[in-house]
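Residue numbers (the UniProt record's numbering): 1 to 168.
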């Protein structure tokens with residue numbers, strides 16, 4: 001069977017394919033797109049069809065697989081990208097660009113929290129936060145590494161208590 005004859009054969013099944021596509025998509029325009037994608041794939045892979053087998057069933061399998069693949073692709077895309085015209089405050093909370101005023105308040109609260117912690121805890125914590133290693137901090141303050149780790153841990157706990165309003 002050649003490609004032209006095969007195209008004519010599958011065209012006879014397009015009304016049944018469209019009815020089936022509407023059941024999947026619940027939308028006529030999307031159903032038309034699904035039928036078109038199904039027909040294109042069927043023509044592209046017509047050599048895989050074995051003559052004498054159920055062509056309608058073969059087309060329905062192509063349609064089902066196409067629908068599932070498109071659904072998965074769209075689900076992944078929608079999970080990564082907000083596609084609404086109206087962006088909610090929840091979307092803005094996770095946005096890369098934060099409100100400068102909110103950032104200023106948060107930074108002020110963090111500075112107040114650090115100021116409220118005794119210096120023996122805050123200084124090693126700040127050094128660690130700046131990227132220094134435990135051993136470097138221990139050498140700088142001439143204290144055991146275990147003491148440095150303990151003081152940083154205590155500073156974290158104090159900050160958590162002070163900044164608990166920012167926890168989700």
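Note that the Cβ used here is the ideal one computed from N, Cα and C, for glycine as well.
A quick note: this is a predicted structure, and the numbers were derived from the prediction, not measured.
Sub-8 Å separation of residue i and residue j beta-carbons
i: residue 41; j: residue 66; result: yes
i: residue 13; j: residue 63; result: no
Distance between beta carbons of residue j and residue i, contact taken as under 8 Å
i: residue 9; j: residue 35; result: That pair is no contact at about 15 Å.
i: residue 163; j: residue 126; result: About 15 Å separates the two Cβ atoms, so there is no contact after all.
7 Å Cβ shell around residue i - same chain, five flanking residues per side excluded
i: residue 22; result: 28 and 31
i: residue 25; result: 31 and 34
i: residue 7; result: 43
i: residue 60; result: 20
i: residue 116; result: 162
Cα-Cα separation between residue i and residue j, rounded to whole angstroms
i: residue 47; j: residue 38; result: 15 Å
i: residue 77; j: residue 158; result: 40 Å
i: residue 151; j: residue 70; result: 53 Å
i: residue 165; j: residue 134; result: 29 Å
i: residue 154; j: residue 161; result: 11 Å
i: residue 4; j: residue 51; result: 15 Å
i: residue 120; j: residue 113; result: 14 Å
i: residue 129; j: residue 118; result: 16 Å
i: residue 45; j: residue 57; result: 15 Å
i: residue 131; j: residue 156; result: 15 Å
i: residue 104; j: residue 68; result: 46 Å
i: residue 15; j: residue 72; result: 26 Å
i: residue 53; j: residue 2; result: 16 Å
i: residue 108; j: residue 136; result: 28 Å
Proximal residues to residue i (C-beta, below 8 Å), its chain only, five neighbours per side dropped
i: residue 138; result: 144, 145, 147 and 148
i: residue 141; result: 123, 124 and 148
i: residue 55; result: 9, 10, 13 and 49
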